[in-house]
Amino acid sequence: MALLDTLIESKWPLLASIVTIYLLRTILRYHKLARFGGPRWTGLSEIPHGIKAYTGEAHNWYRSVSEKYGPIARVGPNALITSSADVWLHINTKPGYKRSDWYFKACRAEYQRDHIFSQTDTKLHDERRKQIGPGYSGRENYELESSIDARLIELLTLIRTKYVSSPSGSSSTTTSSTVLMDLAKKIQFFTLDVISTVGMGRPFGMLRADADIDHYVRSSEEGLRIGNAFAALGLSWVAQAPVLGRWIAPQPTDVAGFGAMMGACFGAVDERVREIKAVLNGGERKDMIASFVKHGLVGDELKSEVLETLIAGSDTTAGALRGTMLYLMGNKRVCERLQAEIDQAVREGKVDGTGESVVPFAVAKQLPYLQAVIREGLRVWPPVRNILPKDIPAGGDTVMVDGKPVFLPGGAEIGYSALAMHRDKKVYGEDADMFRPERWFEEDPDKLAAMTKVNDLTFGHGRWQCLGKNVAQMELNKAIFELFRHFDWALADPAKPWDIMNTLGIFVINDMWVEVTAR
């Protein structure tokens, strides 16, 4: 009681002390990054950043901030953003930088358990990367390409049997019929079936069923929206809090939704682990799980990494494929040139002319216009636009910007703007906003090298480079080749091609209605 009486008697001095401490802390934080320009109030409050993230407009905001305030700008009291490829390469290469907890911990899929993407302890991250890297690369996953081929054939078969339209006046039919297809959903089914085959050894079966099995897709989208809202509001810690977080988080025992997907994933891992002896003694199947186990990944950690493979390997590749397809459908000239190159490869016998098999990755990589289309698609529509913030080392760091040294104060964080970087007019020219694959045939070797350096950052760099890069490149090459080899594409509503929402830098995309006709 005496303590309570003392607090009551001293309430005004105590309140004044709290306000003074808060104001002093705010002033110190403001002056720490005062040399960097940024939108009004970003030096005093997280609210402007939070609003943009909550509404799904963060990626566009990052670009406008970068273009207005320069290659390093302020987006929060303790947060910077860069559009400089050289600065971002430096940050992702120099020791001392680490992932920022506020963002990456919000990307956990399970309660209080990290996977390779959410791990912010650099040493633990590097150790885990060594364990799982060979499985992603394909060096120890001999079934990688054949797994993608099988799923792509299922996608092509689904389109042929259910979604091909017969326009009036077609030489092959006297009647006309139009069937619209939600391309966003079919691509999601494809990438989920691919990555479940690669990661678990068996597909979810969405392409064969032409359905969202157990509502995995819907639940994943809902989870992304919720995770984005929590991160924007600064509430991500709630999902990881003792007791409460365990009640909120999805569980593998759930009968539907994301938890059910976790259960299916974990069940497949358990089944595969039961074959461990055959795997280690050179059994027939050489897949991703076998590689993970070979390098010492077991138990819950193994399950977490396979689950992360399903999440990251599906949404990101689906985003890249949808974006590239959108720009191709909007540019008849590019489509015709791409299809001409594809047809020539078939005529020359580089690809099976019957259409019963899929273009080999080794062949697709040698088709120059296809490679230009893929590079350009990733450039104008980077599928992942996370800020990916890193904590600046405690002692600070000096980076070079336009030939001048710039000091980054220790303890602050710095992320990047994908749109500002990949549509930089200084690198790509005044038409940087245009989808023009021909730019990748630039004759000036220095300019081409500069463009390529920036474009390669789509998949990250250094210790944080995307492990699934090889898988994604294989899917993109094969899918674009085969989809434009066999079909012509048209948007049902070019004025509103899709419904889209940025969630933690990953895009939830629906209602991408298209008309497909056989070539």
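Position 475, counted from 1, in the sequence shown is what the UniProt record's numbering calls 475; the numbers after and before it change by one each time, with no gaps. Just so it is clear, CB atoms sit at the ideal spot from N, CA and C, and this is done for glycine as well.
message: Measuring straight from C-alpha to C-alpha, what distance separates V279 and G319?
response: Reading the sequence shown from its first residue, position 279 is the one you call residue 279. Reading the sequence shown from its first residue, position 319 is the one you call residue 319. Confidence in V279 is poor, its pLDDT being 48 and thus under 50, which makes the residue's placement unreliable; the coordinate value appears in the next sentence. Those two C-alpha atoms are separated by around 34 Å.
E430 to K130 span [Cα, whole Å]: As a position in the sequence shown, residue 430 is number 430, starting the count at 1. As a position in the sequence shown, residue 130 is number 130, starting the count at 1. Spanning the two alpha carbons is a distance of roughly 42 Å.
- prompt: For I226, is the classification buried or exposed, using 16 other Cβ atoms within 10 angstroms of its Cβ as the cut-off for buried?
  reply: Walking along the sequence shown from the start, residue 226 turns up at place 226. It counts as exposed.
- request: Ignoring anything shorter than 4 residues or poking outside the stretch 450 to 487, list the alpha helix (DSSP H) runs there in chain order.
  value: Listed in chain order, the alpha helix (DSSP H) elements of length 4 or more contained wholly in the stretch 450 to 487 are 469 to 486.
query: Do the CB positions of D391 and Y97 come within less than 8 Å of each other?
result: For the purposes of this step, residue 391 is taken as the residue at position 391 of the sequence shown. For the purposes of this step, residue 97 is taken as the residue at position 97 of the sequence shown. Contact flag set, yes.
query: Does DSSP classify A211 as helix, strand or coil?
result: As a first step, residue 211 must be located in the sequence shown, where it is residue number 211. Coil.
- prompt: So what does DSSP say about N141, is it helix, strand or coil?
  reply: To locate residue 141, count along the sequence shown from 1; it is residue 141. In the structure shown, N141 sits in coil (DSSP, three-state: anything other than H, G, I, E or B).
- prompt: Under 8 Å between the Cβ atoms of I159 and V516?
  reply: Here residue 159 refers to the residue found at position 159 when the sequence shown is read from its first residue. Here residue 516 refers to the residue found at position 516 when the sequence shown is read from its first residue. Yes. Within cutoff.
query: Can you tell me whether DSSP reads F435 as helix, strand or coil?
result: Translated into positions along the sequence shown, residue 435 becomes position 435. F435: coil per DSSP, three-state reduction.
query: Using a Cβ-Cβ cut-off of 6 Å (strictly less than) and excluding sequence neighbours within five positions of I132, which residues of its own chain qualify?
result: Start at 1 with the first residue of the sequence shown, and residue 132 comes out as number 132. Cβ within range, chain order: F292 and E305.
field: Backbone CA spacing between G415 and S84 [nearest angstrom]
entry: Your numbering for residue 415 matches position 415 in the sequence shown. Your numbering for residue 84 matches position 84 in the sequence shown. Roughly 11 Å separates the two Cα atoms.
message: Between L310 and chain D, is any beta-carbon pair separated by less than 8 Å?
response: Protein chains in the displayed structure number just one, and chain D is not present.
message: For K105, count the other beta carbons within 10 Å of its own beta carbon; 16 or more makes it buried, fewer makes it exposed. Which is it?
response: On the sequence shown, residue 105 is found 105 positions in, with the first residue counted as 1. The residue is buried, with at least 16 neighbouring Cβ atoms inside 10 Å.
message: What does the alpha-carbon distance come out to for the pair N228 and D352?
response: As a working mapping, residue 228 is identified with position 228 in the sequence shown. As a working mapping, residue 352 is identified with position 352 in the sequence shown. Their Cα atoms are separated by approximately 45 Å.
query: Cβ of L491 within 8 Å of Cβ of M329?
result: Locating residue 491 in the sequence shown gives position 491, where the first residue counts as 1. Locating residue 329 in the sequence shown gives position 329, where the first residue counts as 1. Against a cut-off of 8 Å, the Cβ pair of M329 and L491 comes out as a contact.
- prompt: Taking the alpha carbon of G462 as the point to measure from, which residue in E46, P39 and H90 has its own alpha carbon closest?
  reply: As a first step, residue 462 is located in the sequence shown; it is residue number 462 there, counting from the start. It is H90 whose Cα lies nearest to the Cα of G462.
task: For P71, collect the residues of the same chain with a Cβ closer than 8 Å to its Cβ; drop the 5 residues on either side in sequence, then sort them by chain order.
output: In the sequence shown, counting from the first residue as 1, residue 71 sits at position 71. Only residues of its own chain outside the window of five on either side were considered, and among them T82, S83, S84, V87, V401 and D402 have a CB closer than 8 Å to the CB of P71, listed in chain order.
Whole-Å CB distance - K186 paired with L155, under 8 Å assumed: Locating residue 186 in the sequence shown gives position 186, counting from the first residue. Locating residue 155 in the sequence shown gives position 155, counting from the first residue. Yes, K186 and L155 are in contact; Cβ-Cβ is about 7 Å, under 8 Å.
- prompt: Below 8 Å, can you find three or more Cβ-Cβ pairs linking the stretch 108 to 123 to the stretch 245 to 259?
  reply: yes
- prompt: Would you call the stretch 255 to 269 and the stretch 211 to 218 touching, i.e. three or more CB-CB distances under 8 Å?
  reply: Inter-segment contact for the stretch 255 to 269 and the stretch 211 to 218 is present: three or more beta-carbon pairs are separated by less than 8 Å.
query: Under the rule that 16 or more other beta-carbon atoms within 10 Å means buried, what is Q188, buried or exposed?
result: Within the sequence shown, the letter at position 188 stands for residue 188. Buried is the call here.
message: Considering only their Cβ atoms, is the gap separating C265 from L307 smaller than 8 Å?
response: Sequence index remark: in the sequence shown, residue 307 carries index 307 (1-based). Sequence index remark: in the sequence shown, residue 265 carries index 265 (1-based). The answer is yes: Cβ separation under 8 Å.
field: Distance between S314 and G323 (C-alpha atoms, nearest Å)
entry: Start at 1 with the first residue of the sequence shown, and residue 323 comes out as number 323. Start at 1 with the first residue of the sequence shown, and residue 314 comes out as number 314. The alpha-carbon separation between G323 and S314 amounts to approximately 14 Å.
task: Could you tell me whether the stretch 371 to 380 touches the stretch 53 to 69, using the rule of 3 or more Cβ pairs below 8 Å?
output: no
- request: Spatial neighbours of E67 within its chain, please: CB distance less than 7 Å, with the 5 preceding and 5 following residues excluded, ordered by chain position.
  value: Mapped onto the sequence shown, residue 67 falls at position 67. Hits under 7 Å: A420.
task: Work out the CA separation of P405 and L192 for me, nearest whole Å.
output: For the purposes of this step, residue 192 is taken as the residue at position 192 of the sequence shown. For the purposes of this step, residue 405 is taken as the residue at position 405 of the sequence shown. For L192 and P405, the distance between alpha carbons rounds to 45 Å.
message: Within 8 Å, do at least three Cβ pairs link the stretch 342 to 359 to the stretch 474 to 487?
response: yes
query: Is DSSP giving A492 helix, strand or coil here?
result: Position 492 of the sequence shown, counted from the start, is the residue given in the question as residue 492. Coil, per DSSP.
Sub-8 Å separation of L310 and A345 beta-carbons: Within the sequence shown, the letter at position 310 stands for residue 310. Within the sequence shown, the letter at position 345 stands for residue 345. It is not a contact, given that the beta carbons lie outside the stated cut-off.
- request: Alpha carbon to alpha carbon, how far is I342 from S171? Give it in angstroms, no decimals.
  value: Your numbering for residue 171 matches position 171 in the sequence shown. Your numbering for residue 342 matches position 342 in the sequence shown. For S171, the pLDDT reaches just 48, beneath the cut-off of 50, and the residue's location in the model is therefore unreliable, leaving the point undetermined.
message: Am I right that residue 523 and M451 are in contact with their C-beta atoms under 8 Å? What's the rounded C-beta distance?
response: For residue 523 there is no data in the structure shown, the boundaries of the chain being 1 and 519.
query: Among N60, P95, K32 and D270, which one has its Cα closest to the Cα of A79?
result: Along the sequence shown, read from residue 1 onward, the residue named residue 79 stands at position 79. Checking every option, the nearest Cα to that of A79 belongs to K32.
message: With the cut-off set at 8 Å, would you say F190 and R151 are in Cβ contact?
response: Locating residue 190 in the sequence shown gives position 190, where the first residue counts as 1. Locating residue 151 in the sequence shown gives position 151, where the first residue counts as 1. It is a contact, given that the beta carbons lie within the stated cut-off.
Burial state of G199 (16 or more Cβ within 10 Å): Translated into the one-based positions of the sequence shown, residue 199 becomes position 199. In this structure G199 is buried. Its beta-carbon is surrounded by 16 or more other beta-carbon atoms within 10 angstroms.
- prompt: Between the C-alpha atoms of M474 and S137, what's the straight-line distance to the nearest angstrom?
  reply: Here residue 474 is taken as the residue at index 474 of the sequence shown, counted from 1. Here residue 137 is taken as the residue at index 137 of the sequence shown, counted from 1. If you take the alpha carbons of M474 and S137, they lie about 11 Å apart.
Per-residue burial, E221 [other beta carbons within 10 Å of its own, 16 or more giving buried]: Along the sequence shown, read from residue 1 onward, the residue named residue 221 stands at position 221. Buried, by the Cβ-count rule.
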